[in-house]
Structure formats: C-alpha cells, structure tokens
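Following: one structure in structure tokens, then a few remarks.
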Amino acid sequence: MITELLNPTPEAIRRAAELIRAGEVVGFPTETVYGLGADGLNPAAVEKIFEAKGRPGDNPLILHIAEVPELLPLIAGEPGAAARKLMDAHWPGPLTLIFPKSALVPDRATAGLPTVAVRMPSHPVARQLIRLAGAPVAAPSANRSGRPSPTTAADVLEDMDGRIPLILDGGPCEVGLESTVVDLTGPVPRVLRPGFVTAAQIRAAAGASELDPAVLAPLPEGERPRSPGMKYRHYAPAGEVTAFRGPGAVGEIIRRYDGADRSLILALEGNVPRYGNRRVLSLGKDESAMAAALFRALREADRLGAEQILCECVEPEGVGLAVMNRLLRAAGFRVVDT
Ligand code: TXA
Ligand code: MG
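Okay, so the sequence shown: first residue is 5 according to the working numbering, each after it adds one.
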C-alpha cells in the first residue's frame, strides 16, 4: 500500500472521509496528537486500526464525535450532571469522557468493556472529517504501539508508511500530549490519564474529582488498571530514558553524560546553557511548552541515534502532571532523585 500525505484541503478531507466510509484507516490531525481514524461502528474497520498500530486487542479506543448530540446514541442512559458540566466547559477540546456504552458500539472498539470513551476534538480538520464520515470515528494516537505519540504528519508517516492509504497533514499539534481521560462511571469523576485539561479544571467544572493511582506510579504486579492503556510500556524511543528530579538534576545529568555521542539531554530552556557544549535539546520554557515538545524530542532522540536520554522533570501539577505521566512511562519509571 502506498501512503499519501495530503494538505487538508476540502477535497482531501472529503477523500479521507470516503476512505473511512469504505472501512479504511486514515491519519488525521487533532489539537492533541495525530489520530488513526476508522468508522467506529464498523468492527472490521476498527480491527484494521489494531493491525496498523500493532495494538494489543484488550486496549479500547476513543470514539470521536463532531457535535454533542452525537454522544447520545453511543451511551446507555443520559449523561449525568457532572458529564454535562464537563462537556459545557471543555468540549470541543482535549477531554475524553467515559460512559456506560450502548449496544450500538461494537465490543471490538471498547475491547469488550461495558464502557465507551468519547471525545469531541476542537481541531477543525478533525471535526470536518468526522462530519463527512457520517459516523463516530474511532481513533487512537497514530503511532505504532509503544512508540511516542505523533505530533506531526511526518511522525505519522514514520510509523505508518505503507500501512494506511492516507494522512492529512495539519501541521504540528498545538497541545502535543493526548487528551485528559475522565471516567464518569463511578461515584466521583476519576482522572485516568492527565492532559492539557488539568485535574483542577475537572474539579472546578464537575464539583469533585479523584486521580487514579496509576497516573504517577507503576501498577503493582498483577493489578488490573482502570484504563487498560496504562499497563503497557509506552511512549518509548529506542534509547533508554532516565528522568532526573530535584534540585541537583542538572549536576547529576552532567555527571552521567557519556560524551561518546551516545547521550542526549532533554532540558528546560532556562537550563540549556548550563550543559555547555554537550548534546542537548530544549523542551521549551515551561510545562505547556514541554507538553508540546516532549514526544517530538523523544522521536528526535531516535533519529539522532541516542542510546541514553537524560531528561529533566517538572513539578507534577497542572499540565506538569500530564508531562510527568508520559515521561515516567517513557522512562519505564527509571527516576533519579537528586
Ligand atoms: O488525544 C487523544 O485522546 C488522542 C487523539 C487521537 O484523540 N487519542 C488517544 O487514543 O490518545 P489512545 O488510544 O492512544 O489512548 C486512549 C486511552 C487508552 O489509555 C485507553 O486504554 C483509554 O484511553 N480508554 C479508552 N476507552 C476506555 C474505556 N472504556 N475505559 C477506560 N479507558 C479507556
Ligand atoms: Mg496512544
């Protein structure tokens, strides 16, 4: 299969929507990361997503909608008060909500779970694509399973060349990390995956919220995560990532740096000069910049052939919580406290 890369002209979006209607899988931009979209109500099409990604079959997908009323046929019963408030405050946008699923949603899309994850993205190309596809679009991040999520069309091509017919190139993603995932099926809204919509914003909109313990810690052996995606090695480049926390991080990174062109440092912009002429990539000036830069930097590390990736941490608060959730997984929870 030849993979076409197209600018998202109205004609190209129409082509992509036709492919989705025909049961194919296409790459498309969202405000968070690029997605790999297929008709979410067609089990054979959904199956192709799992094949293209090499994704474990027990990891459920998010269904993407273009307008709020499209939610109703996908869920059992009515959205509750917390759901309504969260949708009012953050849809369209980088927030995924989990509801009990209706019979319309195929088991293949939810990996057999009785719940369904739904998101209404804000990216205009994504929304036009969903509208024209005429169905909820099932879409995981468009990376091969285990790799960092793609934030540019070139990243998607790197992982999906020859596996899907078309990628819409919408330029770099604004947020750079996947959506916040909130489970609404329990007594209190629970953040399963932190994102650009922060835990404090969830609490402000919904009145209450709790953080799943898997957000910042490895799961105890044998324990089943509420979000199946949390248990896999994730977001990882080929090189070994180590995260450095605390006031001595810069010094410790310098001490461990291997000059034989094997190490790469990922640092906040303000710290870059402290590394002198060592090989260093800037992650930007704050948490939000780091969110947008982290996956790109991890992929760049592979292109540079780095064997050892030494990365600074940020405080796990606000958007920083999402950054640390991804970084700790990319590092396989290899953290050095200084
Ligand atoms: O920003 C995003 O959410 C991107 C863009 C493309 O929209 N999509 C994305 O999808 O990140 P994916 O498949 O890479 O991650 C979805 C996460 C996984 O961790 C999955 O386990 C979890 O959501 N998930 C999906 N359905 C679920 C459900 N019913 N219950 C619990 N977790 C669920
Ligand atoms: Mg993913």
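Quick reminder that beta carbons are idealized off the backbone N, C-alpha and C, glycines included.
No experiment lies behind these values; they were computed from the predicted model shown.
Boundaries (first-last residue) of the alpha helix (DSSP H) holding residue i
i    : result
H94  : 85-94
T114 : 111-114
A247 : Here A247 belongs to no alpha helix (DSSP H); instead the beta strand (DSSP E) covers 244-249.
A210 : 203-210
E2   : Outside the shown range of the chain, which is 5 to 342, sits residue 2, and nothing can be said about it.
R303 : 291-307
I53  : 47-57
P128 : 128-137
R25  : 14-25
Nearest to residue i (by Cα), restricted to the options the options
i    : options                : result
A212 : R197, G190, P224       : G190
E22  : A310, G58, R135        : R135
R330 : L308, P193, A297, A85  : A297
E28  : E74, T36, L40          : L40
V37  : A86, E304, S183, P118  : S183
V201 : S231, R123, L302, R303 : R123
A113 : L78, A85, V129         : L78
D165 : A326, R333, M5         : M5
Counted within 10 angstroms of its Cβ, other Cβ atoms place residue i as buried (16 or more) or exposed
i    : result
N281 : exposed
P144 : buried
F50  : Here the sequence assigns Val to residue 50, which means Phe is not the residue at that position. Buried, since its Cβ has 16 or more Cβ neighbours within 10 Å.
V195 : buried
F32  : buried
S106 : exposed
I171 : buried
N147 : buried
D187 : buried
I206 : buried
D62  : exposed
E55  : exposed
R151 : buried
N-terminal and C-terminal residue of the beta strand (DSSP E) that residue i is part of
i    : result
L285 : 284-286
D163 : No beta strand (DSSP E) holds D163; the alpha helix (DSSP H) holding it covers 157-164.
I66  : 66-68
S267 : 267-271
A42  : 39-43
R123 : 119-123
Residue i: CB within 8 Å of a non-hydrogen atom of the ligand MG
i    : result
P144 : yes
N147 : yes
E182 : yes
Heavy atom of the ligand TXA within 8 Å of residue i beta-carbon
i    : result
S153 : yes
I66  : yes
R123 : yes
N63  : yes
T202 : no
G156 : For the record, residue 156 in the displayed sequence is Thr; it is not Gly. Every heavy atom of the ligand TXA is 8 Å or more from the Cβ of T156, so no.
P98  : yes
Y290 : It should be noted that the sequence gives Asp, not Tyr, for residue 290. No, the beta carbon of D290 sits no closer than 8 Å to any heavy atom of the ligand TXA.
V120 : yes
V50  : no
G175 : no
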